[in-house]
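Take a look at the structure set out below.
Chains as they are written, first to last, in the working numbering: chain D, 1 to 475; chain L, 1 to 228.
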């Protein structure tokens, strides 16, 4: 009876209750969605780092990571490979040769890390082969009498391996991408012109488009307008095993895009056999054994097992190789907690305020209830229940809205293409798939109920302190 | 049989400048089945006296016994329970719960008393019929007139089977016709069911109907007239 009356009391002032419920709903949705967005961003970053950059665990000679000494190769590589492959939880391994180098083109040069891989073996540990931009070549699939190199999109741009041009096919693809006709009309004078760099292309764009058009569509136009220069070459210079400067001319095998500008700018992949030959390190030379495991949750245990098996080697997992990722993951978790605390605190204040108003407005009625024999426990329960109902209705609505919107956005992702450059500069994809674990959902539900209960304590105590005779005199 | 006894009851309110002696040494008792009115001008101490009789306020001095129980010996929580089982209240401004129907309002106190559902349903309808509102059981207070709301309040007060009913200015917000109907119903319940009614009023229509009129002024009983 008390609960039924409390439920009816919630709807006594429909507008006020709806405002409170709507604010709780919006607050919970905002909190959960923001957390989902942050989780999604971070998960994608960790996945990208593991799948394309560092994998789960790496083994190398003790001091190799500190000084990148070319001579610190691993011995007994076949035996080590076999031993690791046979360990529980290991999905795949790959051997890499890592050499510091300078990449040169006719117009520019820059320092890079040259990674020698066996493409067939590497495919099993990384999915870099899936990141090759269509139309720019392939993942060492074609036979060539030249040395081949796979370069990152941002390095390609920096070294001017790409160019910009607008032709009829580009205009059609821009039209399909939603660029308005008036903008396309303004681009007409640029059709069939070739631009050697992004700067030159942007300079001409600025001449033809208004600032507003450039802000709204510039990024998309640039994404469609760049093309790879066929049969481009670059020279890679590095030291050989005798510390003598050497190098070679490499044809571009393809251009990869892993949505991480820093990595793309500093990592060039070549075939290990070419690098072994050019450095004179020999056919078995390997600096790193990279291990991909079946379950990320097992990282710590497998790392320990590898340390036991290879005490002379440095064994590091992804959290140790990239402490920034581990730190960011833990920071995001803390940030999420703080964010939810702020949302729940706001929810709490909203409920306290509303319920205090309720107690104030119903002073006479509460006095009457005490007068006719409703004891303090029941008055307390009634006021508490009203607060809990308010927060529960808003909370559950917020959870449902969040779940639906998260499900929808998780399927197609949210594209922050206008800020893509900034995201990719930090190694994050601009296309985010928000994600929330079921545990988080359950935790938030529990927290909403607890917040509702805690928020109602103060107004309920206020109601208890009412003197029935005084309360009945209230007008 | 005495249902209510007051022995030298005083109530003093401590004001910031002067103390107000709202009830000043009243000694009086009420028998079962009385239909009495406590009358007096505004500020005479009627409501204070009624609040003390109802256990909503405590006397500064003196004793109030309801059915031989001294109210001052009861703890706050026991006093609430005591009110629930022994005293029915009818307030000037009806004080019904607006989100509940007439039936639910009447049933509310029986719910607090944890009476079985069958008994609650039966008594609720009996009480509503007794006040002439059997057909408005499912109406909310906002859909009822002032007189009808006050009749629901009377039904609610009766539902708990109290020793007596305290009605504080029950006709203050009612027109003549509604007042007459209400008083007729209460008088009939008093005669037929032997329910004790104690009114606090300065309404002549109520005073006329009352069989005993206790007049107080400045917190003192100045006359006690039994019309029977």
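Idealized CB from N, CA, C, for every residue including glycine.
(message) Between residue 83 of chain L and chain D, is the shortest Cβ-Cβ distance under 7 angstroms, so that the two count as touching?
(response) yes
(message) Please return the same chain residues whose Cβ sits closer than 6 angstroms to the Cβ of residue 209 of chain D, not counting the five positions on each side in sequence.
(response) 186
(request) Give the interface partners of residue 80 of chain L over in chain D, defined as CB-CB distance under 8 angstroms, in chain order. (result) 370, 373, 374, 375 and 376
(request) Determine the DSSP secondary structure at residue 151 of chain D, reduced to helix, strand or coil. (result) strand
(request) Count the other CB atoms, across all protein chains shown, that sit within 10 Å of the CB of residue 349 of chain D; report buried if there are 16 or more and exposed otherwise. (result) exposed
(message) Looking only at its chain, what residues have a beta carbon closer than 6 angstroms to the beta carbon of residue 180 of chain D, apart from the 5 residues adjacent to it on each side?
(response) none
(message) Using a 10 Å radius around the Cβ and a threshold of 16 neighbouring Cβ atoms, would you call residue 446 of chain D buried or exposed?
(response) exposed
(request) Report all residues from its chain with a CB closer than 7 angstroms to the CB of residue 91 of chain L; omit the five preceding and five following residues, and keep chain order. (result) 153 and 168
(request) Return no unless some Cβ of chain L is closer than 7 angstroms to the Cβ of residue 12 of chain D. (result) yes
(request) List the endpoints of the continuous beta strand (DSSP E) containing residue 103 of chain D. (result) 90-104
(request) Go through its chain and collect everything with a Cβ distance to residue 209 of chain L's Cβ below 7 angstroms, but skip five positions before and after it. (result) 183 and 187
(request) Please report the residue range of the beta strand (DSSP E) in which residue 226 of chain D lies. (result) 226-228
(request) Would you decide whether residue 448 of chain D is buried or exposed? Buried here means 16 or more other CB atoms lie within 10 Å of its CB. (result) buried
(request) From the DSSP output, in three-state form, read off residue 475 of chain D for me. (result) coil
(message) Please report whether the beta-carbon of residue 468 of chain D lies at a distance below 7 angstroms from any beta-carbon of chain L.
(response) yes
(request) Could you tell me which uninterrupted beta strand (DSSP E) segments, each at least 3 residues in length, are contained entirely in the stretch 17-69 of chain L, listed from first to last along the chain? (result) 19-31, 35-39 and 61-66
(request) Count the C-beta pairs between the stretch 68-80 of chain D and the stretch 327-341 of chain D that are closer than 8 angstroms, then say yes if the count reaches three, no if not. (result) no
(message) Going by beta-carbon coordinates alone, are residue 93 of chain D and residue 393 of chain D separated by less than 7 angstroms?
(response) no
(request) Could you list which residues in chain L have their beta carbon closer than 7 angstroms to that of residue 364 of chain D, in chain order? (result) 95
(message) Rounding to the nearest angstrom, what Cα-Cα distance links residue 211 of chain D and residue 32 of chain D in this structure?
(response) 36 angstroms
(request) Would you mind telling me which residues of chain D sit closer than 9 angstroms to residue 77 of chain L, beta carbon to beta carbon, in chain order? (result) 375, 376 and 377
(message) If the criterion is Cβ atoms closer than 7 angstroms, does the pair residue 71 of chain L and residue 80 of chain L meet it?
(response) no
(request) Go ahead and pull the three-state DSSP assignment for residue 52 of chain D. (result) helix
(request) Using a Cβ-Cβ cut-off of less than 7 angstroms, list which residues of the stretch 108-128 of chain L approach chain D; keep chain order. (result) 109, 111 and 112
(request) Count the other C-beta atoms from every protein chain shown that fall within 10 angstroms of the C-beta of residue 407 of chain D, then say buried if there are 16 or more, exposed otherwise. (result) exposed
(message) So, at 8 angstroms on beta carbons, what are the nonlocal neighbours of residue 177 of chain L in its own chain, with the 5 sequence-adjacent residues on each side left out?
(response) 147
(request) Return the chain-ordered list of same chain residues with a C-beta closer than 7 angstroms to the C-beta of residue 170 of chain D, the five sequence neighbours on each side being excluded. (result) 224 and 225
(request) Leaving out five residues on either side along the sequence, give the residues of the same chain with a beta carbon under 8 angstroms from the beta carbon of residue 26 of chain D. (result) 398
(message) With a threshold of 7 angstroms between beta-carbons, can residue 18 of chain D be considered close to chain L, or not?
(response) no
(request) Grab me the residues of residue 21 of chain L's own chain with a C-beta within less than 6 angstroms of its C-beta, minus the 5 sequence neighbours each way, in chain order. (result) 12 and 219
(request) Please name the residue in D:337, D:152 and D:198 whose C-alpha comes closest to that of residue 113 of chain D. (result) D:152
(request) Return the residue from the list D:62, D:200 and D:174 that minimises the CA-CA distance to residue 164 of chain D. (result) D:200
(message) Would residue 329 of chain D and residue 317 of chain D qualify as a contact pair, given that the criterion is a beta-carbon distance under 7 angstroms?
(response) no
(request) Using a threshold of 7 angstroms, state whether the C-beta atoms of residue 279 of chain D and residue 240 of chain D are closer than that. (result) yes
(request) Using a Cβ-Cβ cut-off of less than 7 angstroms, list which residues of the stretch 32-51 of chain L approach chain D; keep chain order. (result) 51
(request) Look up residue 352 of chain D in the DSSP assignment and say whether it is helix, strand or coil. (result) helix
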